[in-house]
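Peer 1: If you scroll down you'll find the structure; I have some questions about it.
In mature numbering (1 follows the signal peptide of the UniProt record, and there is no 0), the protein residues as written are -24 to -1, 1 to 464.
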């Protein structure tokens, strides 16, 4: 626990704006309430003295957020009005008179006594109802000394006496309820060992995964001065606690009889209120195991925090662990013109085992049946964009099952990686391309023209070859006929 530099008052040194004295004949005897908030500080962390405004929301109240209120402290209240006014007549200022009275300590005029306890959930609280005027000072404004009469044995030394001079003002208004913050420094104690871990050591999960946590704490070796011992677990809103998974053991044996259990949607509270039951286990380790289900895929690339705390009479120990889930963004574009975004392409997601991403009521699962009606289908929007969220870190594949109109469906699977920054980084947007379908030119039939074929037609070509053959035959016959005549 870090040391708080803010300091607490030991005596009430009230400025003129905050208090004053009024002649008795101008005041009627009324009751004012003084509320003590007793705070215990570890050895070496006792803050310095500082002025107290009497308000409930001043800097002293902040100390209660970091330190415990201390119960079972006895305070006596003494009327020291007569001595105060005697000191004032001797020429002492209000502040000087207060300091002197604090050094003198209690007198014989005890008017009230009480013991600090838990009031409204706050430990170390004690309220006194006191008269605003003093009979021993002839009805003048009362001056009270608050003396710590008894404290637990583990307290190093008692707090200094507090002197309050009435009335105390908040601006120009008399305060009817005054808050004081006496402090104690306790003897050094060894804080209980307290840990919290993700049981399987992983740091990232799929939407719908059950995440196992383990909390351990060592019971103090001496519980004599302990009045309570409380373990609290509070998870992020996207983590839902599974009550049936809660197990609390010592040496492997269930110890449910030792505590009171409070279950909440995002956590639990274990109150060990009966220290007598816990004493046989001094020095032993309490092991708490349970699971939370990741019920949302909205928190991508962000810490999903699970906090455990141990509260005792002396210590407040807080341990945090966090898990994450990831995602990936894509854009569907034309293969030749990446500025052209393609809508209505459909994809499914596969893991390394070749199973398809499936979404049930409480999260993702994996199936080997692509026809399952729960298989997650990613469809590109009018800007070509589509995405997947809620995946554990790792490598996955996209398989296109429907191409945009006018494009060829890609038969190759596209690998992509989910990591801590894969979703939110601009550079992480993966372009998925499609090629346009080839245009088919229809064949046109040539019209039939009967016996008059067109030039270059097949029929016309045959006639030409026939003419060549006849001509060739005529030439051969002519040559033979001429040769025979020459021989005669």
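For glycine and all other residues, C-beta sits at the position ideal for the given N, C-alpha and C.
No experiment lies behind these values; they were computed from the predicted model shown.
1) Do you know whose CA, among 330, 11 and 242, lies nearest residue 96's CA?
2) Would residue 170 and residue 193 be called neighbours here (beta carbons separated by less than 8 Å)?
3) Pick helix, strand or coil for residue 197, following the three-state DSSP scheme.
4) Considering just the uninterrupted stretch of the beta strand (DSSP E) at residue 104, what are its terminal residues?
5) Based on DSSP bridge pairs, tell me the residues matched to residue 46.
6) Given residue 294, which residues of its chain have a CB within under 7 Å of its CB, disregarding the five upstream and five downstream residues?
7) If you draw a straight line from the alpha carbon of residue 49 to that of residue 70, how long is it in whole angstroms?
8) Going by Cα to Cα distance, which pick from 229, 220, 291 and 161 is closest to residue 186?
9) Do you know offhand how far residue 468's Cα is from residue 24's?
10) Going by C-alpha distance, which of 177, 134, 455 and 336 is nearest residue 474?
11) Beta-carbon within less than 7 Å of residue 57's beta-carbon, same chain only, minus the 5 sequence neighbours each way: which residues are those?
12) Quick check: residue 32 and residue 100, are their CB atoms within less than 8 Å of each other?
13) From residue 90 to residue 36, what distance separates their C-alpha atoms?
14) If the criterion is Cβ atoms closer than 8 Å, does the pair residue 51 and residue 125 meet it?
15) Determine the contact status of residue 334 and residue 309, defining contact as a CB-CB distance below 8 Å.
16) How big is the Cα-Cα spacing for residue 148 and residue 22?
17) Around the C-beta of residue 305, are 16 or more other C-beta atoms found within 10 angstroms, so that it is buried, or is it exposed?
18) Determine the DSSP secondary structure at residue -14, reduced to helix, strand or coil.
19) Going straight from the alpha carbon of residue 191 to that of residue 290, what length do you get?
20) Please report the straight-line C-alpha distance between residue 236 and residue 94, rounded to a whole angstrom.
21) Flag this pair as yes or no: are the beta carbons of residue 393 and residue 374 separated by less than 8 Å?
22) Please go through the stretch 253 to 302 and give each complete beta strand (DSSP E) segment of 3 or more residues, from N-terminal end onward.
23) What does the alpha-carbon distance come out to for the pair residue 275 and residue 301?
24) Would you kindly report the start and end of the unbroken beta strand (DSSP E) that includes residue 142?
25) For residue 453, collect the residues of the same chain with a Cβ closer than 8 Å to its Cβ; drop the 5 residues on either side in sequence, then sort them by chain order.
26) So, does the stretch 353 to 361 touch the stretch 314 to 333, judging by three or more C-beta pairs under 8 Å?
27) In the structure shown, what three-state DSSP assignment does residue 169 receive?
28) Using 8 Å as the Cβ pair cut-off and three pairs as the minimum, do the stretch 242 to 251 and the stretch 197 to 215 touch?
29) With burial defined as no fewer than 16 other Cβ atoms inside 10 Å of the residue's Cβ, what is the status of residue 197: buried or exposed?
30) Using only CA atoms, which one of 258, 405 and 412 lies nearest to residue 384?
31) For residue 58, report the span of its alpha helix (DSSP H) as first-last.
32) What are the boundary residues of the beta strand (DSSP E) that includes residue 406?
33) According to DSSP, which residues form a beta bridge with residue 51?
34) Kindly list the residues whose CB is nearer than 8 Å to the CB of residue 19, restricted to its own chain and excluding five residues on each side of it in sequence; keep chain order.
35) Under 8 Å, do residue 396 and residue 277 count as touching if we go by C-beta distance?
Peer 2: Taking the geometry as given:
1) Looking at the Cα atoms, 11 is the closest of the given residues.
2) Yes, they are a contact pair.
3) Coil.
4) Judged by DSSP secondary structure, residue 104 falls within the beta strand (DSSP E) whose first and last residues are 98 to 107.
5) For residue 46, no pairing in a beta bridge is given by DSSP.
6) Contacts found: 283 and 285.
7) Approximately 29 Å, taken between the alpha carbons.
8) Shortest Cα-Cα distance from residue 186 to any of 229, 220, 291 and 161 involves 220.
9) The first residue shown for the chain is -24 and the last is 464, placing residue 468 beyond what the model contains.
10) Given a span of -24 to 464 for the chain in the structure shown, any question on residue 474 remains unanswerable.
11) Cβ neighbours of residue 57 beyond the five flanking positions: 110, 112, 113, 116, 118 and 119.
12) Going by C-beta atoms, residue 32 is not nearer than 8 Å to residue 100.
13) Going from the Cα of residue 90 to the Cα of residue 36 covers about 22 Å.
14) Contact flag set, yes.
15) Taking C-beta atoms as the reference points, residue 334 and residue 309 fail to come closer than 8 Å.
16) Approximately 33 Å between the Cα atoms of the pair.
17) The residue is buried, with at least 16 neighbouring Cβ atoms inside 10 Å.
18) The predicted model places residue -14 with a pLDDT of 40, which falls under 50 and marks its position as unreliable; any figure quoted below should be read in that light. Three-state result, residue -14: coil.
19) Those two C-alpha atoms are separated by around 20 Å.
20) Each residue's Cα considered, the two are about 18 Å apart.
21) In this structure, residue 393 sits away from residue 374, with a CB-CB distance that is not shorter than 8 Å.
22) The stretch 253 to 302 contains these whole beta strand (DSSP E) runs: 261 to 270, 280 to 288 and 292 to 299.
23) C-alpha separation (whole angstroms): 7 Å.
24) It is not in any beta strand (DSSP E) - residue 142 carries neither H nor E in the DSSP assignment.
25) For residue 453, where only same-chain residues beyond five positions count, there are no Cβ hits under 8 Å.
26) Judged by Cβ distances under 8 Å, the stretch 353 to 361 makes contact with the stretch 314 to 333, as three or more pairs qualify.
27) If DSSP states are grouped into helix, strand and coil, residue 169 belongs with coil.
28) Segments in contact, yes.
29) When all chains shown are included, residue 197 counts as exposed.
30) Scanning 258, 405 and 412 for the CA closest to the CA of residue 384 turns up 412.
31) First-last of the alpha helix (DSSP H) with residue 58: 57 to 65.
32) Unbroken beta strand (DSSP E) run through residue 406: 406 to 412.
33) DSSP lists 90 and 124 as partners of residue 51.
34) Excluding the 5 residues flanking it on each side, residue 19 has same chain C-beta neighbours closer than 8 Å at 132, 161, 162, 163 and 164, in chain order.
35) Their beta carbons are under 8 Å apart, which means residue 396 touches residue 277 by this criterion.
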